[in-house]
Ligand code: SAH
């Protein structure tokens, strides 16, 4: 076999084919996938014969590695759990499990580091090291669920990395995670957050996954957005919002915008009005939701968060102008909140 098998990155069909090639019966695929979903090492796989377990642990053939917990922080306030995971090549990534009334949702990383360069973000401080495989994205859910002890039924791709900059692996992850043979998580409970790679948003609109697209907007005009998000010089606000509108028109899925409020930069009531105008201009009566995120302070960055009152005024202004907006509940305020910080500190 020329390339090593990434066991967790295989679809059911590929797993069957790989087993056949290795001289194993294809019915083992379903059994294996059950064990993979439990995060079980080969020696726990009681209904799998030794010959196949030996294949799974043979690193000349393939890699079966679940992200390993190297640090875990539990919020004593709301039960949010943040994990620092180690991958097979010792790269570190983060995931966060959040408890909601409707179930547990995990925020997963899609890359080790990030090359998008947003000026307020911790994930991009060391640049991008590498893309995660589909199995490494899936593995975060598996390892977190094994530790957390409860089913995780929702996924947001809002951890470290830009998911659309790792397009093929993210699509493969979506294919696997929604499969009844794997974790069987419904696409309506999955959202993907992007800083605005327009070519990939257009491609995503043609895929078969009814996931929610969240767009990190963070500014109301190009000169403001250029300053904090380098991607804006490639695809500006007009190109981005046109792509988002097309995404809705093709998929019928409501677009969600993330808007991180940075004190004195983008959080004045005038900017709230401009944001409302912008959204109405492009979306008219189409459903849109604005998710306001009070900035999480990052030591290396000079930006500051505004006061609670500023945040509330911004949110109220949007709602008064007919734009559906909410402030993101601050989960786990007593643990390293925003993604990228744990990894960054550990790497230092
Ligand atoms: N690359 C994707 C997902 C990454 S992060 C994206 O850009 O959407 C998820 C969200 O958190 C994004 O909206 C991102 O802009 C925001 N974010 C990053 N750093 C932040 C910080 N320090 N405080 C608040 N929000 C932040």
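Residue numbers (our numbering): 82 to 429. Using N, Cα and C, we set each Cβ at its ideal position, and we do this for glycine too.
How big is the Cα-Cα spacing for residue i and residue j?
{"i": "residue 141", "j": "residue 200", "result": "42 Å"}
{"i": "residue 277", "j": "residue 125", "result": "43 Å"}
{"i": "residue 116", "j": "residue 133", "result": "13 Å"}
{"i": "residue 305", "j": "residue 356", "result": "12 Å"}
{"i": "residue 60", "j": "residue 144", "result": "Nothing can be reported for residue 60: it is not among the residues displayed for the chain, which extend from 82 to 429."}
{"i": "residue 261", "j": "residue 353", "result": "43 Å"}
{"i": "residue 207", "j": "residue 381", "result": "11 Å"}
{"i": "residue 229", "j": "residue 335", "result": "31 Å"}
{"i": "residue 161", "j": "residue 234", "result": "15 Å"}
{"i": "residue 148", "j": "residue 227", "result": "11 Å"}
{"i": "residue 179", "j": "residue 104", "result": "42 Å"}
{"i": "residue 153", "j": "residue 167", "result": "12 Å"}
{"i": "residue 398", "j": "residue 322", "result": "21 Å"}
{"i": "residue 237", "j": "residue 361", "result": "26 Å"}
{"i": "residue 426", "j": "residue 130", "result": "43 Å"}
{"i": "residue 311", "j": "residue 123", "result": "45 Å"}
{"i": "residue 181", "j": "residue 159", "result": "10 Å"}
{"i": "residue 346", "j": "residue 259", "result": "39 Å"}
{"i": "residue 344", "j": "residue 392", "result": "9 Å"}
{"i": "residue 184", "j": "residue 265", "result": "15 Å"}
{"i": "residue 302", "j": "residue 363", "result": "14 Å"}
{"i": "residue 120", "j": "residue 351", "result": "50 Å"}
With 16 as the cutoff for other CB atoms within 10 Å, does residue i come out buried or exposed?
{"i": "residue 186", "result": "buried"}
{"i": "residue 389", "result": "exposed"}
{"i": "residue 101", "result": "exposed"}
{"i": "residue 339", "result": "buried"}
{"i": "residue 365", "result": "exposed"}
{"i": "residue 82", "result": "Summary for residue 82: the model assigns pLDDT 46, below 50, so the residue's position carries little reliability; its value from the coordinates is reported in the next sentence. So residue 82 ends up on the exposed side."}
{"i": "residue 324", "result": "buried"}
{"i": "residue 253", "result": "buried"}
{"i": "residue 401", "result": "exposed"}
{"i": "residue 395", "result": "buried"}
{"i": "residue 232", "result": "exposed"}
{"i": "residue 128", "result": "exposed"}
{"i": "residue 407", "result": "exposed"}
{"i": "residue 109", "result": "buried"}
{"i": "residue 333", "result": "exposed"}
So, helix, strand or coil for residue i, using DSSP?
{"i": "residue 399", "result": "helix"}
{"i": "residue 375", "result": "strand"}
{"i": "residue 98", "result": "helix"}
{"i": "residue 192", "result": "strand"}
{"i": "residue 212", "result": "strand"}
{"i": "residue 310", "result": "coil"}
{"i": "residue 184", "result": "strand"}
{"i": "residue 105", "result": "coil"}
{"i": "residue 346", "result": "coil"}
{"i": "residue 82", "result": "With a pLDDT of only 46 at residue 82, under 50, the local geometry of the prediction cannot be trusted, and no value is derived from it."}
{"i": "residue 220", "result": "helix"}
{"i": "residue 156", "result": "coil"}
{"i": "residue 404", "result": "coil"}
{"i": "residue 132", "result": "helix"}
{"i": "residue 125", "result": "helix"}
{"i": "residue 318", "result": "helix"}
{"i": "residue 238", "result": "strand"}
{"i": "residue 414", "result": "coil"}
{"i": "residue 435", "result": "The structure shown has nothing for residue 435, since the chain only spans 82 to 429."}
{"i": "residue 145", "result": "coil"}
{"i": "residue 87", "result": "strand"}
{"i": "residue 167", "result": "strand"}
Given a cut-off of 8 Å on the beta-carbon distance, is the pair residue i and residue j in contact?
{"i": "residue 216", "j": "residue 90", "result": "yes"}
{"i": "residue 374", "j": "residue 328", "result": "no"}
{"i": "residue 404", "j": "residue 379", "result": "no"}
{"i": "residue 172", "j": "residue 203", "result": "no"}
{"i": "residue 189", "j": "residue 150", "result": "no"}
{"i": "residue 423", "j": "residue 376", "result": "no"}
{"i": "residue 176", "j": "residue 164", "result": "yes"}
{"i": "residue 112", "j": "residue 214", "result": "no"}
{"i": "residue 255", "j": "residue 222", "result": "no"}
{"i": "residue 326", "j": "residue 372", "result": "no"}
{"i": "residue 315", "j": "residue 286", "result": "no"}
{"i": "residue 268", "j": "residue 290", "result": "yes"}
{"i": "residue 114", "j": "residue 263", "result": "yes"}
{"i": "residue 191", "j": "residue 244", "result": "yes"}
{"i": "residue 297", "j": "residue 272", "result": "no"}
{"i": "residue 300", "j": "residue 309", "result": "yes"}
Check the Cβ-Cβ distances between residue i and every residue of chain B, and say whether any is below 8 Å.
{"i": "residue 106", "result": "In the structure shown, chain B cannot be found, because there is only a single protein chain."}
Report whether the distance from the Cβ of residue i to the nearest heavy atom of the ligand COA is below 7 Å.
{"i": "residue 176", "result": "With respect to small molecules bound, the structure shown includes the ligand SAH and not the ligand COA."}
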